[in-house]
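S.K.:
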Amino acid sequence: MDPLFLAYSYFRRRKFKECTDICTTLLEKNPYDQAAWTLKTRALTGQVYVDEVDVDEEGIAEMVMDDNAIANVSRPGTSLRKPGTSGQAGPSPGVRPTSQSGRPLSGFVRPGTQGGRPGTMEQAIRTPRTAHTARPVTSSSGRFVRLGTASMLSTPDGPFINLARLNFSKYAARPNLAKALFEYIFHHENDIRNALELAALATEACQFKDWWWKVQLAKCYYRLGMYRDSEKQLKSALKHQDMVDIFLYLGKVYVRLDQPLTAVEMYKQGLEKFPGETTLLTGIARIHEGLTEMDKAVKFYKDVLHFDNMHVEAIACIATHHFYTDQPEVALKYYRRLLQMGVYNAELFNNLGLCCFYAQQYDMTLTCFERALSLADDQTLADVWFNIGHVALGICDHNLAYQCFRLTLASNNDHAEAYNNLGVLELKRGHVEARLAFQEFLLISERRPAGHRPTLGSVGTRTYEPTKSVAVRFL
Amino acid sequence: MSAASDEQRSDSSDKWLDAYNDRVASLYTFTQCMTLSDIQADGDYKLIIADLGTGSYDMKLKVYKNTNLMSEHTIIDLPTGVVTFYMDTLEPRTPAIAVASGPYIYVYKNLRPYFKFTLPPLDVHPVEQDLWDQAREGQISTLVMRETLENLRLEGAVLTVKSLRMLQLEAHDLDAFVQVHRTSPLKRQTVITCLATLKKSLADDDAISCLVLGTENKAIYVLDPEAFTVLATMELPSVPVFLSVNGLYDVEYRIVTSCRNGCVYTLKRGTSEAIVKHCIELKSQPVGMERINKNIYVGTMDQMLHCFTAKGKKLWTVKMPATILTLEAIDFKPKGFKAVAVALSNRQVQLYKEKFLVDIIHTEDVVTGLRFGRFAREDGTLVMTTKSGSLFVKILKRSAKFEEQDLSAGPPAAQNTKLNVPKKTKLFVDQTLREREHAVAMHRTFQRDLYLLRLNVAREYAKALDNSMNPISSDPTEPLKLSAQIQGIGPTFKLTVNLQNTSLTQASSELIIAFEFDERLYSFRKKLIQVPMLVPGLNYIFDTFIDCLNDKGVSDNVKVFVLRQGKSVPLITGVISMPVAEVVVMS
């Protein structure tokens, strides 16, 4: 069989390793084999490819040294940085836990939903940064560095392409090679400056008529924090071709510029062209969620389910909403749907357990928690214990609750809620001294601004944390 | 009258003028025995008070004109109610005063005794009649007679006053008593408990009114004002104590009566027995009842003011700060202001408009009698008599404005806001059905799981204790607390360890801080920190620098142990998940 054909076959079957190996042998025989070279580039890119649209991580530098904000004091309901100002009533923050910035925790953890926004540079730097918080200094480090490292590990004998020796203008003129090369530089090498140079040359070479290159330019600008340039490129690309991607990128740019309403507007424009596109609908729902307009968010999530009834994020978010608006029985139904769809992890079982408990289906409750415990990893374990502690409080077994909260602390030393509840329990037992110790600890953990709150769960609301209300009830 | 205004103002209410204070009026009376009426048809309203005197003698009917006592009449028995009513159509329209006392109603006209109405006598128990007949003829010994009477009473028969008195006497007084009383006819009479008026056929202010009386034999009588005959008799399940009447006798009327059994009954024209359907059961005995518009306000002995609709539906209940003594409806027509005044045992009179407290009048003494109406020429006058016998008269200021909720008593406003309770879903109903059907199985499963869970938790907890995995020591002999923080961007981090002795008295010494880490990834500049003696309460800070040896963006957990010298098991442990060292800074 023709090895190149086999390599293509591997590529299509996403067996990138095998594909790369064949291409390497082909290239050893003939270093100028363009087909093999392109294929190898694409295979290497494919190994580390992450959809740009969904990856969004704000580094400390971006957040604190943000010069894109239009107004320091934004009008109510128009900023993601001051959520809860839109005047829409949702469940009170005492019931539904919020992130540090005041936004309700989402039912679905994705990059950017974690942690909060530190107020000042000092706070940001002083923040103890642990893997739990996982906030990188800038968005160009962090996750992308890790991806890049992974690619380096996969090519032990040096990089496949030596970027420093490439003549970009030569490649830019050859669109068949240039696109693969760009993606390689962008994703595999994570070298945004060179990617930008290539993209600029390439778009020039095709007389600024190819929308693809404009989108790539925008991606580069976005990574470099030049959001206005990015917006310009995307708008220009939109004139050539209506693509869902472009709308999504534009939405992302506007969110970064803290213009959520414009972002929603953009998504809606996209929906006119692509009615029923679930990614656009999800985008709108996420922004409403960010603005604490839960009713609207749920409405859009329901629209998403209308078009795609297997949408995990939508199901999880609707379930969370129902849970926190005192309809655990409905939430239970949604979570069960997730379970039927094959989601099988600690968070889901934890949530099922909580829903069962609050919907009075007691026979299922503890079984679910047991499953959650057995499935939990280091990060989720603390929260599962915490919730079992809450169930114990619910059945008035203070001893069990105490042990559970202690176990929470054993798995996560920074669990502020557990410190609080332990303090309250100690007070109930009359150990004022011990209670003071816990409360002091709580103060320490609360003082940590960003991201001390555990950021767990890929699906679902993991934690129901009515800590504040418990504190009020007991103190 | 206002000239008599007392300088010494005991209350700070800006809504009432002090018109008259007489602390030595020595009145012993209650709300039912007070009324305000134009008894001389001269437009000057008088205050009529039936004074209970000492409670056993010296009962008087007193009429005040302005602040002066205008006339006094002796009443033979304790008065239980005073009303004024028009009994004829003669000009000038002077109303008559009716005083209920014992089984009689004394009617005064133009302040002169006019008529005495006696309630129809009741049937005497035949055995009792027989006994007294025998006694008259001297055929029975007094002791036997007394014993038979005693048995009769124990059987539940209602005896006459004469027999009851006899039962109270000592054995040696019996003969004398029988000698004196054996010849007088045996009569069983009842006692009037409450008194009210009911317009006969016209609704005018000065139309002829019937008298309505409640009696001790659980009945209500309606009397014709001219002939003084009983027009209607209505039986009740219990003894009526308060009456509220409206309507016209000839057309349609309602009598609302609260009884000693803690029930409020509504009687209509044409019913001879209280229909139990129209019964409001109170949780406690009523101490006052008023009717404003269509609502019935009842104050009960458990410090509650209730409001019911005419149909008996409860509208609201307000808890009073003290025991309720009496109620009075306030209907100030010039302003259209309707409220109910509640006299409390904490020397306050509170005004409630609907359920909202609108005013508090502080008084010098506990108010027992309240009457609001026209006194002299002043429309809004509140007459109060107190436990110590004083008489206070207050005039409602014309500028007075009663704002609802300006003095919010009762439940806080938040209690009235509706909770956002979600609708009951069909799912919920289905689940409830499941619960109902499988309750036992569910409970068993839950209990079994709970035992298992407790066991598991205890195991895990023991494991955590063995490994001292907690940052707060659970060992009472080593009360220590640890918190560790990582600062910096990398590749060099600063690890700060805060250590505190949480006990109040006991110092700890001979401690070491040690670390567990991956030597391929990190290098600690201090691998062991000697801890000085820890004074209780103080926070000790130790730090060390950590260098990250890897530039691949890998991170690991680092453990901080606090150890006692010579022991291998740590006292407490903190786990830190290290952040990724920033490659940007490194390159």
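Sequences listed follow chains G and X, in order.
Yeah, the first sequence ends on 475 if you go by our numbering, and it's all consecutive.
Yeah, the second sequence ends on 1587 if you go by our numbering, and it's all consecutive.
Ideal placement from N, C-alpha and C gives every residue a C-beta, glycine not left out.
Everything numeric in this text was worked out from a predicted model, so none of it was measured.
Below 7 Å on C-beta distance, what does valine 1575(X) contact in chain G?
M.R.: Those within 7 Å of valine 1575(X) in chain G are Asn413.
S.K.: Quick one: grab the DSSP three-state call for glycine 1312(X).
M.R.: If DSSP states are grouped into helix, strand and coil, glycine 1312(X) belongs with coil.
S.K.: Taking 8 Å as the cut-off, does the segment 1102-1109 of chain X touch the segment 1126-1139 of chain X (at least 3 CB pairs, one atom from each stretch)?
M.R.: Output reads no: the segment 1102-1109 of chain X does not touch the segment 1126-1139 of chain X.
S.K.: Listing by chain order, which chain G residues have their CB less than 9 Å from the CB of proline 1240(X)?
M.R.: Under the 9 Å cutoff, chain G gives no residues; its nearest Cβ is about 48 Å from proline 1240(X).
S.K.: First and last residue of the beta strand (DSSP E) that includes lysine 252(G)?
M.R.: Per DSSP, lysine 252(G) belongs to no beta strand (DSSP E); it is in the alpha helix (DSSP H), 244-256.
S.K.: Distance check for leucine 1344(X) and leucine 1370(X), CA to CA, integer angstroms please.
M.R.: Going from the Cα of leucine 1370(X) to the Cα of leucine 1344(X) covers about 11 Å.
S.K.: Answer with buried or exposed for alanine 1439(X), where buried requires no fewer than 16 other C-beta atoms within 10 angstroms of its C-beta.
M.R.: The residue is exposed, with fewer than 16 neighbouring Cβ atoms inside 10 Å.
S.K.: Roughly how many angstroms lie between the CA atoms of isoleucine 1255(X) and leucine 1131(X), to the nearest whole one?
M.R.: Spanning the two alpha carbons is a distance of roughly 40 Å.
S.K.: Excluding the 5 residues flanking aspartate 1331(X) on each side, which residues of the same chain have their C-beta closer than 6 Å to its C-beta?
M.R.: Within the same chain, aspartate 1331(X) has close Cβ partners Lys1338.
S.K.: Got a sec, what are the start and stop residues for the alpha helix (DSSP H) glycine 1373(X) sits in?
M.R.: Per DSSP, glycine 1373(X) belongs to no alpha helix (DSSP H); it is in the beta strand (DSSP E), 1367-1375.
S.K.: Kindly say whether glutamine 403(G), judged by its beta-carbon, lies nearer than 8 Å to any beta-carbon of chain X.
M.R.: Yes, glutamine 403(G) lies at the interface with chain X (some Cβ there is under 8 Å from its Cβ).
S.K.: Determine, for proline 1570(X), whether the minimum Cβ-Cβ distance to residues of chain G falls below 8 Å.
M.R.: No, proline 1570(X) does not count as interfacial toward chain G.
S.K.: Is the CB of phenylalanine 1524(X) under 8 Å away from at least one CB in chain G?
M.R.: Not an interface residue.
S.K.: Skipping 5 residues on each side, what residues in its chain have a beta carbon closer than 8 Å to that of serine 1390(X)?
M.R.: Counting only Cβ-Cβ distances below 8 Å, and skipping sequence neighbours, we find Asn1021, Asp1022, Arg1023, Val1024, Ala1025, Leu1027, Glu1364 and Asp1365.
S.K.: Can you give me, in chain order, the residues of the segment 351-369 of chain G that have a beta carbon less than 9 Å from any beta carbon in chain X?
M.R.: Listed by position along the chain: Ala359, Gln360, Gln361, Tyr362, Asp363, Met364, Thr365, Leu366, Thr367 and Phe369.
S.K.: Under 9 Å Cβ-Cβ, which residues of chain X neighbour glutamine 327(G)?
M.R.: Those are Pro1422, Lys1423, Thr1425, Leu1427 and Phe1428, listed as they occur along chain X.
S.K.: Helix, strand or coil for asparagine 421(G) per DSSP?
M.R.: The answer is helix: DSSP assigns asparagine 421(G) an H, G or I state.
S.K.: Any idea what DSSP makes of asparagine 1068(X), helix, strand or coil?
M.R.: In this structure, asparagine 1068(X) counts as strand in the three-state DSSP scheme.
S.K.: Which residues does DSSP list as the beta-bridge partners of leucine 1213(X)?
M.R.: Leu1195(X) and Tyr1221(X).
S.K.: Please check if any C-beta of chain X sits within less than 8 Å of the C-beta of lysine 333(G).
M.R.: Yes, lysine 333(G) counts as interfacial toward chain X.
S.K.: Just to make sure I have the definition right: I need the residues of chain G whose C-beta is within less than 8 Å of the C-beta of arginine 1446(X). Which are they?
M.R.: The sequence as given places phenylalanine at residue 1446(X); arginine does not occur at that position. Under the 8 Å cutoff, chain G gives Tyr362, Asp363, Thr365 and Leu366.
S.K.: Enumerate in chain order the residues of its own chain whose CB-to-CB distance from lysine 1322(X) is below 7 Å, with the five nearest sequence positions on each side excluded.
M.R.: Looking at the sequence itself, residue 1322(X) is alanine, so the reference to lysine does not match. Correct list, in chain order: Gln1303, Leu1344, Ser1345 and Asn1346.
S.K.: Give me the chain X residues within the contact set of alanine 410(G), using Cβ-Cβ distance strictly less than 7 Å, ordered along the chain.
M.R.: The answer, in chain order, is Ala1464, Met1469 and Asn1470.
S.K.: Using a Cβ-Cβ cutoff of less than 7 Å, which residues in the same chain neighbour arginine 1398(X) once the five nearest sequence positions on both sides are dropped?
M.R.: Excluding residues within five positions, none has a Cβ falling inside 7 Å.
S.K.: Is phenylalanine 5(G) buried or exposed, if buried means 16 or more other CB atoms sit within 10 Å of its CB?
M.R.: Exposed: under 16 other Cβ atoms inside 10 Å.
S.K.: Measure the alpha-carbon distance for cysteine 404(G) versus valine 1457(X) and round it to whole angstroms.
M.R.: Roughly 7 Å separates the two Cα atoms.
S.K.: For leucine 1453(X) and chain G, any beta-carbon pair shorter than 8 Å?
M.R.: So yes, leucine 1453(X) belongs to the interface.
S.K.: Would you mind telling me which residues of chain X sit closer than 8 Å to leucine 400(G), beta carbon to beta carbon, in chain order?
M.R.: Near leucine 400(G) (Cβ distances below 8 Å), the residues of chain X are Leu1453, Arg1454 and Val1457.
S.K.: For threonine 1505(X) versus isoleucine 1529(X), is the C-beta distance shorter than 8 Å?
M.R.: It is not a contact, given that the beta carbons lie outside the stated cut-off.
S.K.: Measure from the C-beta of glutamate 1435(X) to each C-beta in chain G and report whether the shortest distance is under 8 Å.
M.R.: Yes, because at least one Cβ of chain G sits closer than 8 Å to the Cβ of glutamate 1435(X).
S.K.: Closer than 6 Å by C-beta to alanine 285(G): which residues in its own chain qualify, once you throw out the five before and the five after it? Chain order, please.
M.R.: The residues are Ala297, Phe300 and Tyr301.
S.K.: Any Cβ of chain X within less than 8 Å of the Cβ of arginine 337(G)?
M.R.: Not one chain X Cβ lies under 8 Å of arginine 337(G).
S.K.: Excluding sequence positions up to five away, which residues of its chain have a Cβ less than 6 Å from the Cβ of histidine 1125(X)?
M.R.: Answer for histidine 1125(X): Ala1157, listed in chain order.
S.K.: Locate the alpha helix (DSSP H) running through proline 1240(X), then write down its first and last residues.
M.R.: Not the alpha helix (DSSP H): proline 1240(X) falls in the beta strand (DSSP E), residues 1240-1248.
S.K.: Going by beta-carbon coordinates alone, are leucine 1499(X) and valine 1531(X) separated by less than 8 Å?
M.R.: Yes. Within cutoff.
S.K.: For a cutoff of 8 Å on Cβ pairs, would you count leucine 407(G) as touching chain X?
M.R.: Chain X, which has a Cβ nearer than 8 Å to the Cβ of leucine 407(G), makes this yes.
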